[in-house]
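Enquirer:
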Amino acid sequence: KTISGHKYLYVIKNERIDGKIVQTIQKYVGTADQVYDFMMEAKETRIASYSFGKPAALLKAAEDVGLIEALNKHIDRKNIMGLTPAEYLLLIIIGRSEHALSRNVLDEYFKGSLLKFFWNPKYKLSSQNFLNYMEKLDEETIRRIELDVSQTLIQKGIRPTKLTFDTTNFYTHIEHGENLPKKGFSKDKRYDKNLIGVGLTTSNKNIPFQTITYPANVPDSTLFSDLIDNICKRIEEIGIPLEEMTIVFDRGMNSTDNLEHVLDKMHVVGALPSSMCKDLFQISLSCYEEEWENGKKNVVKAHRIKGVWYEKEFTGVIKYSETTKRKQMHEWETKKAVILEKIEELRSKLNHKGKGRKMTAKGLMNRVVDTIPKQYRGLFDYNVVEKEGELQLNFSLNDDQEKEFILTMGKTVVFTDKENLATKEIVDMYDSRNMIEEDIKWLKDKLLIPVKPVYVRKDVKIRAHVFLCVMGLLLHNYLLHLIDDQEISIQKLTNNLEKIRMGLVYKGKEGKNAEFVIEEMNKETAEIFTKLQLGNYIPS
Numbered sequence: 033k034t035i036s037g038h039k040y041l042y043v044i045k046n047e048r049i050d051g052k053i054v055q056t057i058q059k060y061v062g063t064a065d066q067v068y069d070f071m072m073e074a075k076e077t078r079i080a081s082y083s084f085g086k087p088a089a090l091l092k093a094a095e096d097v098g099l100i101e102a103l104n105k106h107i108d109r110k111n112i113m114g115l116t117p118a119e120y121l122l123l124i125i126i127g128r129s130e131h132a133l134s135r136n137v138l139d140e141y142f143k144g145s146l147l148k149f150f151w152n153p154k155y156k157l158s159s160q161n162f163l164n165y166m167e168k169l170d171e172e173t174i175r176r177i178e179l180d181v182s183q184t185l186i187q188k189g190i191r192p193t194k195l196t197f198d199t200t201n202f203y204t205h206i207e208h209g210e211n212l213p214k215k216g217f218s219k220d221k222r223y224d225k226n227l228i229g230v231g232l233t234t235s236n237k238n239i240p241f242q243t244i245t246y247p248a249n250v251p252d253s254t255l256f257s258d259l260i261d262n263i264c265k266r267i268e269e270i271g272i273p274l275e276e277m278t279i280v281f282d283r284g285m286n287s288t289d290n291l292e293h294v295l296d297k298m299h300v301v302g303a304l305p306s307s308m309c310k311d312l313f314q315i316s317l318s319c320y321e322e323e324w325e326n327g328k329k330n331v332v333k334a335h336r337i338k339g340v341w342y343e344k345e346f347t348g349v350i351k352y353s354e355t356t357k358r359k360q361m362h363e364w365e366t367k368k369a370v371i372l373e374k375i376e377e378l379r380s381k382l383n384h385k386g387k388g389r390k391m392t393a394k395g396l397m398n399r400v401v402d403t404i405p406k407q408y409r410g411l412f413d414y415n416v417v418e419k420e421g422e423l424q425l426n427f428s429l430n431d432d433q434e435k436e437f438i439l440t441m442g443k444t445v446v447f448t449d450k451e452n453l454a455t456k457e458i459v460d461m462y463d464s465r466n467m468i469e470e471d472i473k474w475l476k477d478k479l480l481i482p483v484k485p486v487y488v489r490k491d492v493k494i495r496a497h498v499f500l501c502v503m504g505l506l507l508h509n510y511l512l513h514l515i516d517d518q519e520i521s522i523q524k525l526t527n528n529l530e531k532i533r534m535g536l537v538y539k540g541k542e543g544k545n546a547e548f549v550i551e552e553m554n555k556e557t558a559e560i561f562t563k564l565q566l567g568n569y570i571p572s
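Anchor point for the sequence shown: position 95 equals 127 in my numbering, and the numbering is continuous, going up by one each time.
1) Is the segment 258-269 in contact with the segment 492-499, if contact means three or more CB pairs nearer than 8 Å?
2) May I ask you to report which of helix, strand or coil DSSP gives TYR203?
3) Thinking C-beta only, is LYS450 closer than 9 Å to VAL294?
4) When the Cβ atoms of the segment 169-183 are set against those of the segment 219-226, are three or more pairs found closer than 8 Å?
5) Assuming GLY567 and GLU551 form a contact by the criterion Cβ under 8 Å, report the distance between their Cβ atoms to the nearest whole angstrom.
6) Considering just the uninterrupted stretch of the beta strand (DSSP E) at ASN426, what are its terminal residues?
7) Starting from ARG367, trace the alpha helix (DSSP H) in both directions and tell me its first and last residue.
8) Do you know offhand how far THR392's Cα is from VAL400's?
9) Rounded to the nearest angstrom, what separates GLY410 and LYS310 at their Cα positions?
10) How many angstroms separate the CA atom of SER36 from the CA atom of VAL537?
11) Can you tell me the Cα-Cα spacing of SER572 and LEU146, whole angstroms?
12) Grab me the residues of CYS319's own chain with a C-beta within less than 6 Å of its C-beta, minus the 5 sequence neighbours each way, in chain order.
13) Is ASN415 buried or exposed, if buried means 16 or more other CB atoms sit within 10 Å of its CB?
14) Let's see if you can read the secondary structure: which residues bound the alpha helix (DSSP H) around LYS168?
15) In or out: LEU479 buried (at least 16 other Cβ within 10 Å) or exposed?
16) What does a CB cutoff of less than 7 Å around GLU321 pick up in its chain, not counting 5 residues either side in sequence?
17) Are the CB atoms of ASN201 and ILE244 within a distance shorter than 9 Å?
18) Quick one: grab the DSSP three-state call for HIS508.
19) Check for me: the alpha helix (DSSP H) holding ALA118 runs from which residue to which?
20) Throw me the rounded Cβ distance for the ASN528 and ILE560 pair, which I believe falls under 8 Å.
21) Using only CA atoms, which one of GLN160, GLY98, GLU130 lies nearest to PRO87?
22) Output needed for LEU453: all residues of its chain with C-beta closer than 8 Å, excluding positions within five of it in sequence on either side, in chain order.
23) So, are the CB atoms of ILE632 and VAL43 less than 9 Å apart?
24) Are three or more beta carbon pairs between the segment 182-198 and the segment 266-274 nearer than 8 Å?
25) Output yes or no for whether 9 Å exceeds the beta carbon distance between ILE350 and TYR408.
26) As a quick exercise: from PRO251, ASP413, MET397, pick the residue whose alpha carbon is nearest that of LEU423.
27) In three-state DSSP terms, what is LEU99?
28) Pairing CB atoms from the segment 351-361 with CB atoms from the segment 422-442, are three or more of them under 8 Å?
29) For THR403, count the other beta carbons within 10 Å of its own beta carbon; 16 or more makes it buried, fewer makes it exposed. Which is it?
30) Going along the chain, which residues of its own chain have a beta-carbon closer than 8 Å to the beta-carbon of LEU138, five neighbours each way excluded?
31) What do you get for ALA93, buried or exposed, if any count of 16 or more other CB atoms within 10 angstroms of its CB means buried?
32) Give me, in chain order, the residues of the same chain whose beta-carbon lies closer than 6 Å to that of VAL573; leave out the 5 immediate sequence neighbours on both sides.
33) Apply the 10 Å Cβ neighbour rule to GLN314 and answer buried if 16 or more other Cβ atoms are within range, or exposed otherwise.
34) What distance in whole Å lies between the Cβ atoms of SER257 and ASP289, which are believed to be in contact at a cut-off of 8 Å?
35) Do you know offhand how far LEU382's Cα is from TRP364's?
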């Protein structure tokens, strides 16, 4: 119809009724332009695909453990516009787990992520705001957040009865930092770089309980002594009697003073260094009265003993694993061959007559020592002699020392003050250290929740950076607790979460007539999706 010079389009339907043509429908459909736009939209169905599993699962975990509430409670957002403190810092955690490792790329990551459907900032994300919030994560604020999360976990039934403590360090590219970056013994063998030390305490379910970041030149035994009081204070703050708690730690923490300090407060499970066990390793395997299969289906044999170590009487267990012995033997044979080959290379270069600086006796000895890994140095006899201006290197394997060393393979002496524990309980409690060692590997794995690279220089921001990475680890381990399946490792969990994607199906402009759908999953992935109730996180 043309009305006042304008054309309007209608849909008209005519029908024959009683022999006459009658108009039964007349419906206005708009102008020609509107009809054209509608036709084009109807033709073009578009699909946008988003990573869903990891962001949704980590968001759920952060809500469940009270991390979101704690971050917003203890961090002041004064003068910082846009996302809340929890949203900014969770974006770092989630983005880092999805390989957005730099603050400068987090804005682009956010625009293309699922999170934009949950958080709708009025202001553009600022890389400076990430730093502003990290600067607010000082040691006391981190302590309060960790405390709140621990209390929330207790309310959910994850009540700690055992703590496991271990340390590591990470190399950085920080040349001129403050107090934290220091040269030290690099566990990644990057002695040319400044390091930061990280002490991690985990509780039951392998949930991180407390994090400490420290200068890497502080010895583990010194650090442990200072840390125990802080751990005890935390335990008391969450309302658990200290006498109910057991702490598990590595040999590097052992000392008479440390053990006396700990035993005054809680129970301990540790292991003796090989140097204190020579007589114990001589005991025949036929005397080992207990045997069982561990979680990896490897046979463990054990012999229970009593002993006085570090000026205290303890219950001890000598445990033996044939599988561990085979691995250690293979490693030794491989390393021995490499060492002997390198020594022959050194010998071939001695007293070289060509140009260049002549090697000194001291320089040669340093080269020899560097060739032998620390744990094997006592197995070789070597010296450097200078005769008539020429160097002579004497180097040989000490057969007696090697036999004694082979006798220790596959064996560990575990000790505890809890004499009422069964032998297997003592061994299992010490072996639970393997879980924290695995977690430390994940913190070093660039594909999971990597601490490296560290893009900040100030101490407060380095501590904040490490804390956020450890919180990422906590969220992953909490998800494993919810799934409760021994066959699902943290790596398998991550792989499955990465497979869960969400499609946004829409016509025309995004957001108009849009529908969110979860893309097809395999059986294992679907079971994880269901157990974690991730369907609740599909945007409405």
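Every residue gets a Cβ at the ideal spot worked out from N, C-alpha and C, and that includes glycine.
Expert: To lay it out plainly:
1) no
2) strand
3) no
4) no
5) With 8 Å as the limit, GLY567 and GLU551 do not qualify as a contact, their Cβ atoms being about 13 Å apart.
6) 422-429
7) Rather than Arg, the amino acid found at residue 367 in this sequence is Lys. 354-381 is the extent of the alpha helix (DSSP H) around LYS367.
8) 12 Å
9) 14 Å
10) 41 Å
11) 12 Å
12) HIS335
13) exposed
14) No alpha helix (DSSP H) contains LYS168, which DSSP labels as neither H nor E.
15) Annotation note: pLDDT 49 at LEU479 (below 50); position unreliable, coordinate value reported separately. LEU479 is exposed by the Cβ-count criterion.
16) HIS335
17) no
18) helix
19) 117-129
20) 5 Å
21) GLU130
22) THR347, MET461
23) Because the chain spans 33 through 572 in this model, residue 632 falls outside it and cannot be assessed.
24) yes
25) no
26) MET397
27) helix
28) yes
29) buried
30) LEU123, ILE124, GLY127, ALA132, LEU157, SER159, PHE162
31) buried
32) The question about residue 573 has no answer, for the chain in this structure spans 33 to 572.
33) exposed
34) 7 Å
35) 27 Å
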